[in-house]
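Numbering (UniProt numbering), first residue to last: 1 to 160. Just so you know, even glycine gets a beta-carbon here, dropped at the ideal spot from N, CA and C.
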Amino acid sequence: MTHEKSARFAFVRASWHADIVDRAFDGFTQIIDAAQVDSFAVPGAFELPLMAQPLAKTGRYDAVICAAFVVDGGIYRHDFVAQSVVDGLMRVGLDCDLPVLSVSLTPHHYQETDHHNAIYREHFVIKGREAAQAALGMTKALDTFSLKENGPEISKISAA
C-alpha cells in the first residue's frame, strides 16, 4: 500500500478518559481523511496491544495507531501499565512488520480539574496530528524502501 488516498489506518482508543483520549483521533483526522481510518475502542490502555495485533495481521492497514491516557493514581501501577503498553505495541509492530504508533501519555501530576482536562484535551489533538504525520512518514519510507532496486528480494526475505 502507499500513503496516497488508498492508504488505510486503524486507530485504537482506550475508553478510560475518552473525553481526552478521543481528541487524538480529532487531530489525526485533521491530517488524514477520516474515510481512510477505521476506529476501534478498547476498555483501557493495557488492552491496546491485544487489539493492535489482530488489526496489524489483517494486512488491511498501512499503520495502526493507539491512544491512551495513563494517569498517576498515587501508586506505581501507571508506570507498569505505560511500560507494558509501549513494549507491547513495539512488539506487535516488529512481529507484524507494520508501523504501530503510540499516542499514550502518562502525566505524573494530572488532576481531574477543568484546567488540566483542557490542557490534555488540546495536547491530545497535537499528538494525534503528530501521529498522522508519523504514520504518513513511515508509510512513505517503507514504500520507498520496497521500491528500491533490491526491494523484491528484501520483500521475499522479510515475508519468509
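Quick check on the DSSP output: the beta strand (DSSP E) that includes Ala35 runs from which residue to which? Unbroken run through Ala35: none, as it is neither H nor E.
Between Ile65, Ile119 and Asn117, which lies nearest to Arg129 when the distance is taken from Cα to Cα? Sorting Ile65, Ile119 and Asn117 by C-alpha distance to the C-alpha of Arg129 places Ile65 at the top.
Leaving out five residues before and five after Arg23 in sequence, what residues of the same chain have Cβ atoms less than 6 Å from its Cβ? Only Arg121, Phe124 and Val125 meet the Cβ criterion.
Does DSSP classify Arg23 as helix, strand or coil? If DSSP states are grouped into helix, strand and coil, Arg23 belongs with the helices.
Label Arg13 either buried or exposed according to how many other C-beta atoms from any shown protein chain fall within 10 Å of its C-beta, with 16 as the threshold for buried. Buried, since its Cβ has 16 or more Cβ neighbours within 10 Å.
Three-state secondary structure assigned by DSSP to Leu105: Reduced to three states, the DSSP call for Leu105 is strand.
Does DSSP classify Ala135 as helix, strand or coil? The answer is helix: DSSP assigns Ala135 an H, G or I state.
Using C-beta distances below 6 Å, list every residue in its chain close to Gln111, excluding the 5 sequence neighbours before and after it, in chain order. By the criterion of a C-beta distance shorter than 6 Å, Gln111 is surrounded by no residue of its chain, once the five residues flanking it on both sides are discounted.
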